[in-house]
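Engineer:
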Amino acid sequence: MAIMRMGYAHVRVTDLAEARQHYTQTLGLNEVAAADNKVYFKGWDEWDHHSVVLEEGGVGLVKFGFKAQYADDLADIENKAQAFGATTERISKGEELEVGEILRIHTPSGHLFDVYHDITSGQSDVGNVNPEAFPRDLRGIGAPALDHALITAEDVGQMERFLHDVFGYWTAEKVATSLDPADQHNIAIWMTASNQIHQLAVLEGPQSKLHHFAFRLEEGWEITRAADLFAMDDVPIDIGPTRHGITRGKTVYFFDPAGNRNEVFAGGYYSYPDRPMVTWTPDALGKAIFYHARELNERFTTVLT
Amino acid sequence: MTTVTVHPTGEVVEVRDGETIMGAFYRTGYAMRIGCKRGGCGFCKIDVHEGDFVYERPVSDEVVTPEEAAQGVCLPCRAVPSQDMVVEFRENSLRLVNPLMRYMLSGKESSAHQPRTRVPV
Chain A
-7 MAIMRMGYAH VRVTDLAEAR QHYTQTLGLN EVAAADNKVY FKGWDEWDHH
43 SVVLEEGGVG LVKFGFKAQY ADDLADIENK AQAFGATTER ISKGEELEVG
93 EILRIHTPSG HLFDVYHDIT SGQSDVGNVN PEAFPRDLRG IGAPALDHAL
143 ITAEDVGQME RFLHDVFGYW TAEKVATSLD PADQHNIAIW MTASNQIHQL
193 AVLEGPQSKL HHFAFRLEEG WEITRAADLF AMDDVPIDIG PTRHGITRGK
243 TVYFFDPAGN RNEVFAGGYY SYPDRPMVTW TPDALGKAIF YHARELNERF
293 TTVLT
Chain B
39 MTTVTVHPTG EVVEVRDGET IMGAFYRTGY AMRIGCKRGG CGFCKIDVHE
89 GDFVYERPVS DEVVTPEEAA QGVCLPCRAV PSQDMVVEFR ENSLRLVNPL
139 MRYMLSGKES SAHQPRTRVP V
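Order-wise, the sequence lines are chains A and B.
Start counting the first sequence at -7; every next residue gets the next number (this note's numbering).
Start counting the second sequence at 39; every next residue gets the next number (this note's numbering).
1. Around the C-beta of Asp99 (chain B), are 16 or more other C-beta atoms found within 10 angstroms, so that it is buried, or is it exposed?
2. Using a C-beta to C-beta distance shorter than 8 Å, which residues of chain B count as neighbours of Asp7 (chain A)?
3. Would DSSP call Tyr0 (chain A) helix, strand or coil?
4. Check Lys279 (chain A) in the structure and name its three-state DSSP category.
5. In whole angstroms, give me the CA-to-CA distance for Ser84 (chain A) and Ala67 (chain A).
6. Since Asp106 (chain A) is in the beta strand (DSSP E), which residue starts that stretch and which ends it?
7. Taking the straight line between their C-alpha atoms, what separation do you get for Pro173 (chain A) and Pro274 (chain A)?
8. Beta carbon of Val54 (chain A), beta carbon of Arg96 (chain A): below 8 Å?
9. Please state if the CB of Cys115 (chain B) and the CB of Gly77 (chain B) are separated by a distance shorter than 8 Å.
10. Relative to the alpha-carbon of Val270 (chain A), which residue among A:Trp162, A:Lys201 and A:Asn289 has its alpha-carbon at the smallest distance?
11. Under 7 Å between beta-carbons, which chain A residues line up against Val101 (chain B)? List them in chain order, please.
12. Using C-beta distances below 6 Å, list every residue in its chain close to Phe282 (chain A), excluding the 5 sequence neighbours before and after it, in chain order.
13. How would you label Gln152 (chain B), buried or exposed, when you count the other beta carbons within 10 angstroms and need 16 or more for buried?
14. Closer than 7 Å between beta carbons: that is the criterion. Which residues of the segment 72 to 89 of chain B meet it against chain A?
15. Run through DSSP, which three-state label would Glu48 (chain A) get?
16. Determine the burial state of Asn252 (chain A): buried for a count of at least 16 other Cβ atoms within 10 Å of its Cβ, exposed for fewer.
17. Indicate whether at least one CB of chain B lies closer than 8 Å to the CB of Pro265 (chain A).
18. Determine, using beta carbons only, whether Gly92 (chain A) comes closer than 8 Å to chain B.
19. Considering only the alpha carbon of each residue, which of A:Ile215, A:Gly92 and A:Pro100 lies closest to Ile133 (chain A)?
20. Cβ of Asp241 (chain A) within 8 Å of Cβ of Ala219 (chain A)?
21. Would Pro198 (chain A) pass as an interface residue toward chain B - the criterion being a Cβ-Cβ separation below 8 Å?
22. Among A:Thr112, A:Ala280, A:Asn29 and A:Asp37, whose alpha-carbon lies nearest the alpha-carbon of Ala168 (chain A)?
23. For chain B, find out if any of its Cβ atoms is closer than 8 Å to the Cβ of Gly119 (chain A); answer yes or no.
24. Is there a C-beta anywhere in chain B that falls below 8 Å from the one on Gly232 (chain A)?
25. What residues in the segment 244 to 271 of chain A have a beta carbon less than 8 Å from any beta carbon of chain B?
26. Please return the same chain residues whose Cβ sits closer than 6 Å to the Cβ of Ala193 (chain A), not counting the five positions on each side in sequence.
27. So, with DSSP's three-state summary, where would you put Met70 (chain B)?
28. Who are the near neighbours of His203 (chain A) in its chain, counting only those whose CB is closer than 7 Å to its CB and skipping five residues on each side?
29. Would you call Gly119 (chain A) buried or exposed, if buried means 16 or more other Cβ atoms sit within 10 Å of its Cβ?
30. Among B:Val118, B:Ser131 and B:Val102, which one has its Cα closest to the Cα of Glu52 (chain B)?
31. Can you give me the Cβ contacts of Tyr93 (chain B) inside the same chain, cut-off strictly under 8 Å, excluding the 5 residues immediately before and after it?
32. Tell me whether Gly77 (chain A) is buried or exposed, calling it buried when 16 or more other Cβ atoms sit within 10 Å of its Cβ.
33. Along the alpha helix (DSSP H) that carries Val158 (chain A), what are the first and last residues, could you check?
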């Protein structure tokens, strides 16, 4: 295994103080550092230094970080990325707070992906010895960890090949125009490199854009409770609580104070490399995305940052 | 209290002090094409013909470019009128979805500005 998981989401926000309130008090992340015009956060069940970086000025995605299992993985992924035709650069240790050397990849979708192995790492908030189930002083929804993200790209098939060839991802589910692999046009893909049902999804759309990044919750009732808290805190809900047909996860989509879409996601089935890929056809897209309502709202596929 | 008049239908909605244009239309029984409601996506853009406004929160130049702003493009989810305004919605995005609410509020709050025409539902 090379890529273990999405390590961080680095996004821009228009008002750092307001965003800080959302990510700490509503989502329940812990602020771990602040430097220049950036604030760093982690969830209570994460052991790496940070999983969210907010940067004041604008809106939308700056980059995603992906943690590789071994230091040697960076050179291997670099070779594969260059063989694919992607531009890469090396970022020295220390240029990203608490992160070691970074392989920065300019993806075919126009996004920046940072691949790293070294990051200041310790233990989750419940510790590594005789841990409790959760910290008793959780705030808001008490999100334990970053989970996955969805980005848009003009050529979804190209990004599927990139993530397969360079990151070692496999496709758990896809929306395709045909069930015949020889005659398929991919509209969207859900990919992973672990039992986590998806680490990154790609939807056909403009280059370089963010659809959402998601936080993990454990139980379905926590999704409903999260929606209640969003109502209390005047957080605009895009859709939910509901279930996805794709991945079977329970979900609420909502927007942070800058307009970046967030999601809380619970459940979903286990992925394995040998599990047959699930294919959805475009006529079932509504059910695939929103299993209960079975229709897409206007915002879901068009509102991006 | 300010008013927002919709061009070309002439519908008038009163906006409370500090209230956004979107908030005033929602409160008075309308629905509009809206995205993140946070000024981040630009999905709700409208065009300002007359009047002025301030944004209640910072709005990124990437969402409303300086050129658009100079032409009067406005995000109603963040815009608070500072004087009476005339605006135009795009692609028939404004719909009256609760005529009863509109009627009740018009009677109580908008006596000086009764709707002159009704926006097609």
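For every residue, glycine included, the Cβ atom is placed at its ideal position computed from N, Cα and C.
The structure displayed is predicted, hence computed values, not measured ones.
Structural biologist: Checking against the coordinates, here is how it stands:
1. Along the second sequence, one-based indexing puts residue 99 (chain B) at 61. Exposed.
2. Position 15 of the first sequence, counted from the first residue, corresponds to residue 7 (chain A). Near Asp7 (chain A) (Cβ distances below 8 Å), the residues of chain B are Arg95 and Pro96.
3. For the purposes of this step, residue 0 (chain A) is identified with residue 8 of the first sequence, where counting begins at 1. DSSP places Tyr0 (chain A) in strand when its eight states are reduced to three.
4. Taking the first sequence and counting its residues from 1, one reaches residue 279 (chain A) at position 287. Three-state DSSP puts Lys279 (chain A) in a helix.
5. Start at 1 with the first residue of the first sequence, and residue 84 (chain A) comes out as number 92. Start at 1 with the first residue of the first sequence, and residue 67 (chain A) comes out as number 75. Straight-line Cα distance between these residues: approximately 14 Å.
6. Reading the first sequence from its first residue, position 114 is the one you call residue 106 (chain A). It spans Leu104 to Tyr108 - the beta strand (DSSP E) in which Asp106 (chain A) sits, taken as one unbroken run.
7. On the first sequence, residue 173 (chain A) is found 181 positions in, with the first residue counted as 1. On the first sequence, residue 274 (chain A) is found 282 positions in, with the first residue counted as 1. If you take the alpha carbons of Pro173 (chain A) and Pro274 (chain A), they lie about 15 Å apart.
8. As a working note, residue 54 (chain A) is residue 62 in the first sequence. As a working note, residue 96 (chain A) is residue 104 in the first sequence. Between Val54 (chain A) and Arg96 (chain A), the C-beta gap is not smaller than 8 Å, which leaves the two residues out of contact.
9. As a first step, residue 77 (chain B) is located in the second sequence; it is residue number 39 there, counting from the start. As a first step, residue 115 (chain B) is located in the second sequence; it is residue number 77 there, counting from the start. At a Cβ-Cβ threshold of 8 Å, Gly77 (chain B) and Cys115 (chain B) count as neighbours.
10. Translated into positions along the first sequence, residue 270 (chain A) becomes position 278. Comparing Cα-Cα distances from Val270 (chain A) to each of A:Trp162, A:Lys201 and A:Asn289, the minimum goes to A:Trp162.
11. Position 63 of the second sequence, counted from the first residue, corresponds to residue 101 (chain B). Within chain A, the residues near Val101 (chain B) are Val51.
12. Residue 282 (chain A) sits at position 290 when you count from the first residue of the first sequence. These residues qualify, in order along the chain: Thr234.
13. Residue 152 (chain B) sits at position 114 when you count from the first residue of the second sequence. Bear in mind that a pLDDT of 49 at Gln152 (chain B), under 50, signals an unreliable position, so the number given afterwards is only what the model happens to contain. Gln152 (chain B) comes out exposed.
14. Gly73, Cys74, Lys75, Arg76, Gly77, Gly78, Cys79 and Phe81
15. The residue given as residue 48 (chain A) occupies position 56 in the first sequence. Looking at Glu48 (chain A) - three-state DSSP - the assignment turns out to be strand.
16. Counted from its first residue, the first sequence places residue 252 (chain A) at position 260. Classification for Asn252 (chain A): buried.
17. Working through the first sequence from its first residue, we reach residue 265 (chain A) at position 273. It does not: the Cβ of Pro265 (chain A) has no partner Cβ on chain B nearer than 8 Å.
18. Your numbering for residue 92 (chain A) matches position 100 in the first sequence. Answer no: the Cβ-Cβ gap between Gly92 (chain A) and chain B never drops below 8 Å.
19. Here residue 133 (chain A) is taken as the residue at index 141 of the first sequence, counted from 1. For the residues A:Ile215, A:Gly92 and A:Pro100, the minimum Cα distance to Ile133 (chain A) belongs to A:Ile215.
20. Taking the first residue of the first sequence as 1, we reach residue 241 (chain A) at position 249. Taking the first residue of the first sequence as 1, we reach residue 219 (chain A) at position 227. Looking at the sequence itself, residue 241 (chain A) is Gly, so the reference to Asp does not match. Cβ distance not < 8 Å, so Gly241 (chain A) and Ala219 (chain A) don't count as in contact.
21. In the first sequence, counting from the first residue as 1, residue 198 (chain A) sits at position 206. By this cut-off, Pro198 (chain A) is not an interface position.
22. Residue mapping note: residue 168 (chain A) aligns to position 176 of the first sequence, counting from 1. Comparing Cα positions, the closest option is A:Ala280.
23. Mapped onto the first sequence, residue 119 (chain A) falls at position 127. With 8 Å as the cut-off, Gly119 (chain A) does not count as an interface residue toward chain B.
24. For the purposes of this step, residue 232 (chain A) is taken as the residue at position 240 of the first sequence. No, because no Cβ of chain B sits closer than 8 Å to the Cβ of Gly232 (chain A).
25. Phe247, Asp248, Pro249, Ala250, Gly251, Asn252 and Arg253
26. Walking along the first sequence from the start, residue 193 (chain A) turns up at place 201. Leu142 and Trp182.
27. Here residue 70 (chain B) is taken as the residue at index 32 of the second sequence, counted from 1. Three-state result, Met70 (chain B): coil.
28. Working through the first sequence from its first residue, we reach residue 203 (chain A) at position 211. Excluding residues within five positions, the ones whose Cβ falls inside 7 Å are Leu142, Ile143, Thr144, Leu195, Arg253 and Leu296.
29. As a first step, residue 119 (chain A) must be located in the first sequence, where it is residue number 127. That one is exposed.
30. By one-based count along the second sequence, residue 52 (chain B) stands at place 14. Measuring from the Cα of Glu52 (chain B), the nearest candidate turns out to be B:Val118.
31. The residue given as residue 93 (chain B) occupies position 55 in the second sequence. Non-local beta-carbon contacts of Tyr93 (chain B) in its own chain, meaning distances under 8 Å to residues more than five positions away in sequence, involve Gly77, Leu113, Arg116, Ala117 and Val118 in chain order.
32. As a working mapping, residue 77 (chain A) is identified with position 85 in the first sequence. Gly77 (chain A) is exposed by the Cβ-count criterion.
33. Residue mapping note: residue 158 (chain A) aligns to position 166 of the first sequence, counting from 1. Unbroken alpha helix (DSSP H) run through Val158 (chain A): Val148 to Phe159.
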